[in-house]
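Take a look at the structure below.
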Amino acid sequence: MSESGKRVRGYADLKSYAAIGDGRTVALIADDGVIDWFPMPNLDSPPAFAALLDADTGGSLTLAPEDEFTFERHYVSGTNVLETTFTTASGSVLVTESLNSGVAGRLPWTELARLTVGLHGSVRMRWSVRPGTLLDRNTGWIQHSPRGPVIRVDDLSIGVCGFNHGPTRPVEVPAGLSGAFETTPESRHLVAIVGTHGEPLNLPVAQEIERRLDLTIQGWRTWSASLSYHGQWEQQVERSALALKLLIYSPTGAIAAAATTSLPECLDGGKNWDYRYAWVRDMAFTIKALIRLGLREEIQAAVGWLLNTIRRHGPQPHVFTTLHGELPTGHRFVPLPGWRGIGPVVDGNAASDQLQLGAYGDIFEVVQTYVNAGHLLDDPTVILLADLANRCCDQWRLKDAGIWELPDQHHYTASKLGCWRALNIAVSLAAEGHLSGPVNRWVGQRDAIRQWVEEHCWSDSKKSWVGYAGTDNLDAAVLLYTDFDNGSCMSTTIDALIAELGQGPLLYRTSETVQAEGAFLACSFWLASTLACVGRLPESVALMDELVALDNEVGLYAEMIDPVDGSFLGNLPQGLSHLSLINAVLTINEVRAD
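The sequence shown runs -12 to 581 under this note's numbering.
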């Protein structure tokens, strides 16, 4: 049993959160029973429950014992349904929490089920539903309807259903509903929240909601049983795959980079971003991980969405789009305090207009992985890819913002390697009959990129590939390109990165970001993968053993980790962290098999 972490000025520790989702949105539940983040109906909707960023007026949902308690929690095996055992001096209860799905998959409304079962003794439980201001956009109010009180926040309608959950009491300021009940051994109590946006509110029978909770568990288990990996770190791979599944926006097939916005990468503030968008880079990495796990349905949806979105907004690939496939319309700074007062709170992302040449390599790697899995390209995709390869030939000599979306443009090594990868794959696809176009041009420019990188992006003094031409600073992103170099140069680059950017098992992104932010967790998984690829398998396995121990108690990772105390930083759950774990494990397993 653990004691719930103490909140600081009303904010829970980032490492205390578990995530549940329904293919459309994600809720974050702290270990004290409070849901501090829950956009409705979509992941990128203005969040009705956002105490994660504004403890006073952001809004939250609570279900917890009234008295002091300890807790144990875990996901139901093979699912994204959370179970928490709360124990007080007078008894214990089991709380099961789920964003429900239906017989045919995702429901046309949002349905959060929180089922409490008495285990022994008696426990007095309290609950509340108190929406916030939609990131400073609106104020909620209570409407007294023929079916009971309903919360209205802008176009969002929220109802509370349940059984044995005590009388429902309206709370006027902030507008919400609350109640309390007392458990006995084997007693069952349901508090469910249903919501719709801009349409009538469905209020299901409470027993139907409980049945859908069981159906949701079955659905998750059926999905996770389709994962093809069995071996060392199998449990961590499954949990990471389930975390990635939470970030797949089922209405379109887009994949969000993370479930939140504005969680700080640095405790000094200023490095807060909104990751509720579909990045080409992150989608490419995610698709690769899921294909390697043997999944098909999500892959078809994601690949189709990615290629159609590029075709729709082309010819230049955009850095990211909304989850609906639209181009972003800018960003705003919201006058809210942010998590533990560390701002700014950002709605939107300013990096949408950047040039990132590495995207060419990401797109072609997705296509190559898709084709290698036994699938076929259609004619419009063949035309699109040929055009992208030609544009890559035209643009690879340009400076860009790089993989880290930095304000200063340089000839970033990773960007050049991304262009090299794109043309190398284009040549390979053409040789296999999947692609047609000016192959001789692609071969010539591919080879020219290699010559340029070898001449301008290597440091003799550090025996390492550098971050960009003209500097000796290092960049962990070069670890992604073992197809370009998996020999002695990459091996000595690993040593240089560990010496300059490493702290324990963790790795910072670049020489410029050491001590300026947390260690970027994906970089450490890239390091483990690359160690295996260059023939240093024992070091790779040892590093993975250290890294998988850095998750929180339910197996989730944020974007960054503070190497000093292991605390989480950045948005979460972070897709790049989880997919990099999967790809590292699968790479190690493939190297072992050779």
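The beta-carbon is built from N, C-alpha and C at its ideal position, and this holds for glycine as well. Please read these numbers as outputs of a predicted model, since none were measured by experiment.
Rounded to whole angstroms, residue 218 and residue 97 show a C-alpha spacing of 36 Å. Shown here, residue 148 sits in a strand according to DSSP, grouped into three states. Comparing alpha-carbon positions, the option among 501, 267, 282 lying closest to residue 361 turns out to be 282. With a cut-off of 8 Å on Cβ pairs, the segment 118 to 126 is in contact with the segment 18 to 37, counting three or more such pairs. One Cα belongs to residue 51, the other to residue 106, and the distance between them is close to 15 Å. Annotation: the continuous alpha helix (DSSP H) that includes residue 272 extends over 267 to 279.
Restricted to the segment 470 to 556, not a single beta strand (DSSP E) segment is unbroken, complete and at least 3 residues in length. Taken in chain order, the complete beta strand (DSSP E) segments of 3 or more residues contained in the segment 297 to 376 are 318 to 321, 332 to 335. Three or more Cβ pairs closer than 8 Å define a contact, and the segment 224 to 244 falls short of that threshold against the segment 484 to 491. Between the segment 352 to 371 and the segment 322 to 336, the count of Cβ pairs shorter than 8 Å is below three; the stretches do not touch. Taken through DSSP and simplified to helix, strand or coil, residue 467 comes out as helix. When the Cα atoms are used, residue 294 and residue 2 turn out to be separated by approximately 35 Å. In the three-state reduction of the DSSP assignment, residue 140 falls in the strand class, which pools E and B. Three or more beta-carbon pairs drawn from the segment 138 to 154 and the segment 186 to 199 are found closer than 8 Å, and the two stretches are therefore classed as touching.
The shortest CA-to-CA distance from residue 184 to any of 140, 206, 213 is the one to 140. When C-alpha distances from residue 81 are compared across 466, 170, 579, 264, the shortest belongs to 170. Remark: C-beta atoms of residue 403 and residue 350 do not approach each other more closely than 7 Å.
Residue 511 places its beta carbon 7 Å or farther from that of residue 460. Annotated as proximal: residue 480 and residue 451, with beta-carbon spacing under 7 Å. Membership of residue 413 in the alpha helix (DSSP H) is indicated by the continuous run 400 to 418. Ranking 292, 458, 280, 267 by CA distance to the CA of residue 405 puts 267 first. DSSP places residue 167 outside any alpha helix (DSSP H); the residue lies instead in the beta strand (DSSP E), whose first and last residues are 163 to 169. For residue 565, the enclosing alpha helix (DSSP H) stretches over residues 562 to 580.
A distance of 7 Å or more separates the beta carbons of residue 521 and residue 558. Contact between residue 199 and residue 87 holds: their C-beta atoms lie close to 4 Å from each other, under 8 Å. Residue 227: member of the alpha helix (DSSP H) spanning 221 to 233, first to last residue.
Assigned with DSSP and collapsed to three states, residue 248 falls in strand. The Cβ atoms of residue 138 and residue 127 sit closer than 7 Å to each other. Here residue 254 carries a coil assignment [DSSP, helix/strand/coil]. The Cβ-Cβ distance between residue 180 and residue 94 does not fall below 7 Å. With respect to the 7 Å criterion, residue 444 and residue 409 are not classified as neighbours on the basis of their beta carbons. Residue 206 sits in a helix when the DSSP states are folded into three classes. Under the three-state reduction of DSSP, residue 3 is assigned to helix. One alpha carbon belongs to residue 542, the other to residue 72, and they sit about 17 Å apart.
In the three-state reduction of the DSSP assignment, residue 107 falls in the strand class. Cβ contact annotation for residue 564 (same chain, cutoff 6 Å, sequence separation greater than five): 508, 509, 544, in chain order.
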